[in-house]
Amino acid sequence: MRKHVLVAAFVFFTIAIFGCGGVSNSNSGSGGNPIAGAANNVLGITAGGGPAGIANALLASVVICVPGSSNCATVDGVLVDTGSSGLRVLSSALPAGFALPRQASVVNGSPVGECFQFVDGFTWGPVAIADVHLSGEQAGGIPVQIIGEPGFAPIPASCTATGPSEQTVQTLGANGILGVGNFLQDCGPACALQSAGNPGIYFTCPNSVCTVTPQSLPQQVQNPVAMFASDNNGVIIELPAIAATGAPSVSGSLVFGIGTQSNNGLNGAKVLKLNGAGNFTTVINNQSLPRSFVDSGSNGLFFLSSATTGMPVCSGNPFYCPAATQNFTAVNTGTNGASTTINFTVANANTLFSTSGDFLFNNLAAPNPASSFDWGMPFFYGRNVFTAFETRNTPGGPGPYTAY
């Protein structure tokens with residue numbers, strides 16, 4: 003199964019009004035120099051605390067409409083996530099009376115629900131059909147998830163067994179999730195299976211009783227950028243570097259397309275091809291982590307264990323709390339053999355969170371028990387990070403790949 007179906011790394015820790023600090027990262031690649039201009043394929047984004055007051059949240063505004071109409075709603079504070087695919091919006095973030103048509107099951111015509119699983123919990127709610135507008139681009143009539151819709155079917159037991167529910171602003175950390183990862187749908191061929199092997203993401207819910215149902219690829223929640231008429235082969239996240247003392251917020255750009263317009267060329271970025279699960283290999287501390295990935299939906303760098311790094315975990319939060327800032331070097335290698343060397347630092351999270359005003363930290367990290375390095379938001383500061391979609395042609399070859 004694809005990496006992001008069961009281990010999409012939407013991992014956040016609420017810091018309320020706290021924050022401080024950060025140490026700049028170095029990299030080889032495109033260096034974070036702005037390459038986007040005011041254009042129909044550029045959406046303004048902001049890194050900050052967002053509606054839930056969390057560290058390193060990358061946020062955008064999304065316009066969703068009843069298909070083929072001017073009945074639209076703007077949802078602010080939506081998390082931009084390269085670790086998943088598909089648009090998910092909290093029902094509570096929509097205006098009163100605004101309703102999208104629900105997707106009906108091709109099996110029995112009843113509403114379709116989805117339990118989408120992240121590392122730290124799950125979202126539950128109906129699949130609806132919407133026109134999605136991002137800057138000057140539109141994805142028309144695509145499936146999206148409405149999280150926590152009142153009166154929808156109860157959460158299936160198999161869903162609650164996957165972790166805590168993320169049905170509110172405080173538990174989700176945002177008003178929604180804009181998944182612009184490497185894949186065209188949020189599940190893929192596994193969810194189209196009618197027998198063993200279906201991961202149980204989609205449900206048919208007649209009379210509010212839900213059972214797992216197969217969903218064909220077009221029925222699944224879609225990566226909205228991949229559904230654009232053009233500029234649909236990938237995205238670029240462009241953010242400035244932040245100072246060693248941290249920052250309260252910064253503005254950047256989410257650029258649609260790779261090599262499709264004058265403002266979205268690779269510009270010398272190193273292309274790291276990914277395997278079928280969306281992973282490359284990171285080597286750090288003589289450890290090879292073959293399930294590594296770049297993910298703007300994670301608010302820290304998640305890697306190794308305290309026993310391996312020698313850094314203790316904080317009291318009161320899940321991040322590392324070394325006595326002094328630690329320096330690390332890692333090498334990322336794609337399936338095409340291309341490699342980059344990343345130098346980064348890890349600071350004491352309790353110290354970072356002890357000073358009010360800042361929400362952005364480029365040296366925030368935590369353990370990761372999996373054989374992976376989750377290169378979360380600290381990786382994005384001062385870089386132009388490219389996410390190429392599976393099967394789509396680009397100047398760097400077909401996706402999926404990460405480039406920076």
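Quick note on our numbering: the sequence shown kicks off at 3 and runs consecutively.
Virtual Cβ for every residue (Gly too), placed ideally from N, Cα, C.
If you draw a straight line from the alpha carbon of residue i to that of residue j, how long is it in whole angstroms?
i, j, result
"Asp78", "Gly123", "22 Å"
"Gln217", "Gly99", "28 Å"
"Cys316", "Pro371", "16 Å"
"Gly267", "Phe391", "15 Å"
"Gly206", "Cys117", "Looking at the sequence provided, one finds Thr at residue 206 rather than Gly. Between Thr206 and Cys117, the C-alpha separation is close to 11 Å."
"Thr343", "Tyr406", "11 Å"
"Val296", "Val285", "14 Å"
"Asn234", "Val44", "13 Å"
"Val252", "Pro226", "25 Å"
"Ala49", "Gly111", "41 Å"
"Ser107", "Pro113", "6 Å"
"Gly378", "Ala57", "11 Å"
"Asn386", "Gly336", "18 Å"
"Gln263", "Ala41", "10 Å"
"Ser290", "Phe375", "10 Å"
"Leu362", "Gly52", "11 Å"
"Gly270", "Ile239", "15 Å"
"Gly248", "Phe382", "14 Å"
Quick one: is residue i buried, meaning 16 or more other Cβ sit within 10 Å of its Cβ, or exposed?
i, result
"Asn177", "buried"
"Gly31", "For Gly31, the predicted model reports a pLDDT of 41, less than 50, meaning its position is unreliable; a value from the coordinates is still stated below. It counts as buried."
"Gln119", "buried"
"Thr393", "exposed"
"Cys22", "Unreliable placement is indicated for Cys22, whose pLDDT of 28 sits below 50; the coordinate value is still reported in the next sentence. Under this definition Cys22 is a buried residue."
"Gln147", "buried"
"Gln105", "buried"
"Ser94", "exposed"
"Pro220", "exposed"
"Ser298", "buried"
Please identify the residue among the options whose C-alpha is closest to the C-alpha of residue i.
i, options, result
"Gln222", "Asp360, Gly88, Val211, Cys67", "Gly88"
"Thr310", "Ser298, Ser341, Ala368, Phe282", "Ala368"
"Asn281", "Gly248, Ser300, Pro402", "Pro402"
"Phe305", "Phe185, Phe346, Val80", "Phe346"
"Val134", "Cys189, Ala75, Phe355, Phe391", "Ala75"
"Asn288", "Ser255, Phe295, Val333", "Val333"
"Gly261", "Gly236, Pro242, Trp126", "Gly236"
"Gly85", "Asp188, Gly115, Val114", "Asp188"
"Asp83", "Phe388, Pro397, Thr396", "Phe388"
"Leu303", "Ala351, Gly142, Ala163, Asn209", "Ala351"
"Pro400", "Gly299, Gly339, Pro380, Leu274", "Leu274"
"Ala246", "Val182, Ala349, Asn338, Gly183", "Ala349"
"Ser255", "Ala62, Ala54, Gly55", "Ala62"
"Ile203", "Pro145, Gly143, Ala192, Pro380", "Ala192"
"Cys2", "Cys161, Phe258, Gln196", "Because the chain spans 3 through 406 in this model, residue 2 falls outside it and cannot be assessed."
"Phe258", "Gln196, Met229, Leu219", "Met229"
State yes or no: is the beta carbon of residue i nearer than 8 Å to at least one beta carbon in chain D?
i, result
"Leu92", "Absence of chain D from the displayed structure is noted, only one protein chain being present."
Output yes or no for whether 8 Å exceeds the beta carbon distance between residue i and residue j.
i, j, result
"Arg293", "Ser373", "yes"
"Leu92", "Gly150", "yes"
"Ala132", "Ile66", "yes"
"Ala243", "Gly384", "yes"
"Asn301", "Ala59", "yes"
"Val1", "Thr215", "No answer is possible for residue 1: it lies beyond the span of the chain, which begins at 3 and ends at 406."
"Pro208", "Asp360", "no"
"Gly142", "Gly127", "no"
Note down, one range per segment and in chain order, each alpha helix (DSSP H) of at least 4 residues found wholly within the segment 326-389. Runs of the alpha helix (DSSP H) lying entirely within the segment 326-389, each at least 4 residues long, are 351-354 in chain order.
Going along the chain, which unbroken runs of the beta strand (DSSP E) with 3 or more residues stay wholly within the segment 198-251? For the segment 198-251, whole beta strand (DSSP E) runs of length 3 or above, ordered along the chain, are 204-206, 236-240.
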